[in-house]
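Undergrad:
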Ligand code: CTP
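Residue numbers (the numbering used here): 838 to 1238.
Here is the structure:
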């Protein structure tokens, strides 16, 4: 059976499509899943807990404290129990709350406590769905890696016709099965990722750095870990947190430290994707004390080259290992990236262009072109960095031995 032994929390929120949740529970149970249903209070107006409880063979939860016996419905336990949470139907209100981390009911608290994938199947009237607020909430969720099963088009409860119908329960089950299938694709693989900027000291207080925020590399690390890989993430100074327990994070500051950490980890890795924006040069002799302001200015800072981690990994690479780098070019983009790929002995290179609006440093979106060793060019649309990470992971999976 497709979902044998999978533990699924089904969230049901208050919309007319809640009646379809009964069918969804049936299909999930028939596919072998263990299902626990959490309803919002509003959902009770549309479908009874008795129906969903009987079909799921588990008590249906709504409140933090059970009214029957005063016992505590532990949201943390439930969040950690789940292999996947799916909210179907997800109302505009619940999407808004999820997007902003609100937590005034049990379902939202379970979502905040969980480490597993979250999937939402929106259902609402066409104008509510198209509203800029709803679309921007969906975008926030998508960029955070939430899986979205898009609504269908057709007749709606309001009498209007358009987008907003809950996806068919069969399609939601298919999407869940596909997510689990993908989650295991990188099981047993160890992958090195570098991210963020490096800081090269001028004196004890100042440094040469760059605008990298690490978002792309962190999105990659999360995506690869979610697909089953053990990830070693070597990162420069950034303001980001890792979430997945299979990510081991190593914090470094300078290009030299990045080189040391990455070369030490690479040997036992099946693949490495270097997305860090490493400084190419560093002050040759950083001052031991803070440089004082002097009339006439500071005459010069002599710079020397930093070690190139990517090039070194390219030299060490065994033919069972996959190595990928990033390139940020301003002119002759593809030709430059292709020659970087060859020079550094890479399997593929991810080109991001500073020319495209929405792509680059600090943004939540990126637009990439992937160039392969065989000379293939794959161009992608502007997407959230977590969707870009999924595209990169998809390609990596096709060439990993
Ligand atoms: N990189 C690295 N170590 C360095 C410099 C770069 O690992 N000291 C990696 C980056 O993480 C990225 C790729 O190399 O994957 C980017 O290369 P870039 O700095 O653009 O390459 P260069 O060879 O320095 O090319 P250019 O001639 O354009 O400066």
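C-beta: ideal position from N, C-alpha, C; glycine also.
1. According to DSSP, residue 924 sits in a beta bridge with which residue or residues?
2. Kindly indicate which residue of 1075, 1081 and 1100 has the alpha-carbon position closest to the one of residue 1088.
3. Relative to the ligand CTP, is the shortest distance from any of its heavy atoms to the C-beta of residue 1184 smaller than 6 angstroms?
4. Residue 870 to residue 941, Cα distance in whole Å?
5. Suppose contacts are defined by Cβ-Cβ distances below 7 angstroms. Is residue 1221 in contact with residue 1163 by that definition?
6. Could you tell me whether the segment 839-848 touches the segment 867-881, using the rule of 3 or more Cβ pairs below 8 angstroms?
7. In three-state terms, what does DSSP make of residue 989?
8. Give the secondary structure of residue 1112 by DSSP, where H, G and I count as helix, E and B as strand, and everything else as coil.
9. Can you list, in chain order, the residues of its chain whose CB lies under 8 angstroms from that of residue 1174, leaving out five sequence neighbours each side?
10. Would you kindly work out how many angstroms separate the C-alpha atoms of residue 934 and residue 1154, rounded to a whole number?
11. To the nearest angstrom, how far is the alpha carbon of residue 1020 from that of residue 1072?
12. Could you tell me the distance, in whole angstroms, from the CA atom of residue 924 to the CA atom of residue 955?
13. Of all the options 961, 1100, 841 and 890, which has the alpha carbon lying nearest to the alpha carbon of residue 850?
14. At a cut-off of 6 angstroms, would you count residue 1163 as near the ligand CTP, judging by its Cβ distance to the nearest heavy atom?
15. For residue 1159 and residue 1236, which I take to be in contact (beta-carbon distance under 8 angstroms), what is that distance rounded to the nearest angstrom?
16. For residue 971, I'd like the list of residues in its chain whose CB is within less than 7 angstroms of its CB, leaving aside the five on either flank, ordered along the chain.
TA: Once the coordinates are examined:
1. Against the chain shown, residue 924 aligns to sequence position 87. Its beta-bridge partners are 848 and 957.
2. If you number the chain shown from 1, residue 1088 lands on position 251. Checking every option, the nearest Cα to that of residue 1088 belongs to 1075.
3. Stepping through the chain shown from its first residue, residue 1184 is reached at position 347. Checking every heavy atom of the ligand CTP against the Cβ of residue 1184, none is found closer than 6 angstroms.
4. If you number the chain shown from 1, residue 870 lands on position 33. If you number the chain shown from 1, residue 941 lands on position 104. If you take the alpha carbons of residue 870 and residue 941, they lie about 28 angstroms apart.
5. By 1-based counting over the chain shown, the position of residue 1221 is 384. By 1-based counting over the chain shown, the position of residue 1163 is 326. No. Outside cutoff.
6. yes
7. Within the chain shown, numbered from 1, the residue matching residue 989 stands at position 152. Reduced to three states, the DSSP call for residue 989 is strand.
8. Here the question's residue 1112 lines up with position 275 in the chain shown. Correct three-state label for residue 1112: coil.
9. Locating residue 1174 in the chain shown gives position 337, counting from the first residue. Taken in chain order, the residues that qualify are 1164, 1166, 1186, 1188, 1206 and 1208.
10. Walking along the chain shown from the start, residue 934 turns up at place 97. Walking along the chain shown from the start, residue 1154 turns up at place 317. Whole-angstrom Cα-Cα distance: 47 angstroms.
11. Here residue 1020 corresponds to residue number 183 of the chain shown, with the count starting at 1. Here residue 1072 corresponds to residue number 235 of the chain shown, with the count starting at 1. Near 24 angstroms, if we compare the C-alpha coordinates of residue 1072 and residue 1020.
12. Stepping through the chain shown from its first residue, residue 924 is reached at position 87. Stepping through the chain shown from its first residue, residue 955 is reached at position 118. Distance between the alpha carbons of residue 924 and residue 955 is about 8 angstroms.
13. The sequence position of residue 850 within the chain shown is 13, counting from 1. Nearest of 961, 1100, 841 and 890 to residue 850, Cα basis: 961.
14. Along the chain shown, one-based indexing puts residue 1163 at 326. Yes, the beta carbon of residue 1163 sits closer than 6 angstroms to at least one heavy atom of the ligand CTP.
15. For this step, residue 1159 is matched to residue 322 along the chain shown. For this step, residue 1236 is matched to residue 399 along the chain shown. At roughly 6 angstroms, the Cβ-Cβ gap stays under 8 angstroms, so residue 1159 and residue 1236 are in contact.
16. Locating residue 971 in the chain shown gives position 134, counting from the first residue. So the qualifying residues of the chain are 929, 932 and 965.
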